[in-house]
Amino acid sequence: MRSCIWKSLTLTIGFSQNLWAQSIHLNEVSSLASGAGIASKPLLLMMGLVALSLLPFVGMMVTSFVKMAVVLSITRQAIGMQQAPPNTVITGLSILLTVYVMHPVGLDVYRKSERYMNYRSSEFFDKANVDMLLKAVQVSEEPIKHFLKTQASEKNLQMFYRIAQKIRKAEDRPSLSMNDYIILVPAFVITELTKAFQIGFMIFLPFMVIDMAVSNILMALGMQMLAPTMISLPFKLLLFVMVDGWHLISKGLVLGYPL
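Read in order, the letters of the sequence shown are residues -7 to 251 in my numbering.
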């Protein structure tokens, strides 16, 4: 459990460190942790709670979860069922597929920061532990940034780099890099959404053909009062089961990333 907490805090603080580097310096965090434990450091306690509260957001933004969830939601909508599978199942399956994709990255992060996570101290947030955590953050950034950069399109990277340059003051622009999280994360998310919509378009096509065919047949039979979607739903389910849709979609989503 302690190892899991270390890894979670490593990812969260590593992301937050680059977003607010102008206002909070890591050396100041380390100095706040000197002396007594966390109970006597309310500011440090608050920072730890904020980092933990940001963990789900960070997990969604720097992993493949966004793409998985969007594609699976589009698939459900294309079939024509609003509540089957329910949102909890969609979210759970998205998390499981994300674990498959992010497992190599997580292993790289753990291997690089493992020697800093084995430190033991009586107080979790004392100075020595905080120093170890900050070192773990620094050495574990490389695999995360490599994953984000390889999956983000060059067009989006350049766009957010130019935007970041424009909104910054002239004296702050030289410190900006293409490897900063403030560039990588939004470019990665936009690229993932674009890919998810492209996949969703391909999924929608066969079901749309079925809807159009059923609608034309009903019109030819003079049965305009019947809802085409209600009649076409069994045929769409049959098609999806015959082609083993969940297998194909899950396989395509996971193998779409370089493992």
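Glycine included, C-beta positions come from ideal geometry on N, C-alpha and C. Since the structure is predicted, the reported quantities are computational estimates derived from the model, not experimental observations.
Simplified DSSP assignment, three categories, for residue i
| i | result |
| --- | --- |
| D172 | coil |
| P78 | coil |
| V91 | helix |
| P220 | helix |
| V206 | helix |
| Y249 | coil |
| L140 | helix |
| L41 | helix |
| I241 | helix |
| L213 | coil |
Where the alpha helix (DSSP H) through residue i begins and ends
| i | result |
| --- | --- |
| M254 | No statement about residue 254 is possible, as the shown extent of the chain runs from -7 to 251 and does not include it. |
| Y153 | 146 to 159 |
| V235 | Neither: V235 is in no alpha helix (DSSP H) and is coded neither H nor E. |
| G51 | 47 to 53 |
Own chain partners of residue i with C-beta closer than 6 Å, once the 5 adjacent residues on each side are dropped
| i | result |
| --- | --- |
| P135 | V97, D100, V101 |
| G40 | none |
| E184 | V58, K59 |
| T55 | T90, M94 |
| L140 | L176, F180 |
Close Cβ partners of residue i (< 8 Å) along its chain, the five nearest in sequence each way excluded
| i | result |
| --- | --- |
| S169 | I175 |
| Q216 | L210 |
| P250 | T142 |
Residues near residue i by beta carbon distance below 7 Å, same chain, minus five either side
| i | result |
| --- | --- |
| L89 | M60, S242, L245, V246 |
| D203 | P220, T221, S224 |
| S77 | A small fix is needed here, since residue 77 is Pro in this sequence, not Ser. These residues qualify, in order along the chain: R68. |
| M234 | none |
CB contact below 8 Å: residue i versus chain B
| i | result |
| --- | --- |
| Y249 | Considering every chain present, this structure includes no chain B. It has just one protein chain. |
- prompt: Is there contact between the segment 195 to 209 and the segment 81 to 90, where contact requires at least three CB pairs shorter than 8 Å?
  reply: Short answer: they don't touch.
query: Are the segment 85 to 94 and the segment 53 to 64 touching by the rule of at least three beta carbon pairs closer than 8 Å?
result: At 8 Å Cβ cutoff, the stretches touch.
- prompt: Is it a yes or a no for the segment 152 to 167 touching the segment 185 to 203, going by three-plus beta-carbon pairs under 8 Å?
  reply: Because the criterion of three Cβ pairs below 8 Å is not met, the segment 152 to 167 and the segment 185 to 203 do not touch.
- prompt: Taking three-plus beta-carbon pairs below 8 Å as touching, is the segment 196 to 205 in contact with the segment 215 to 225?
  reply: Of all C-beta pairs linking the segment 196 to 205 to the segment 215 to 225, three or more are shorter than 8 Å, placing the two stretches in contact.
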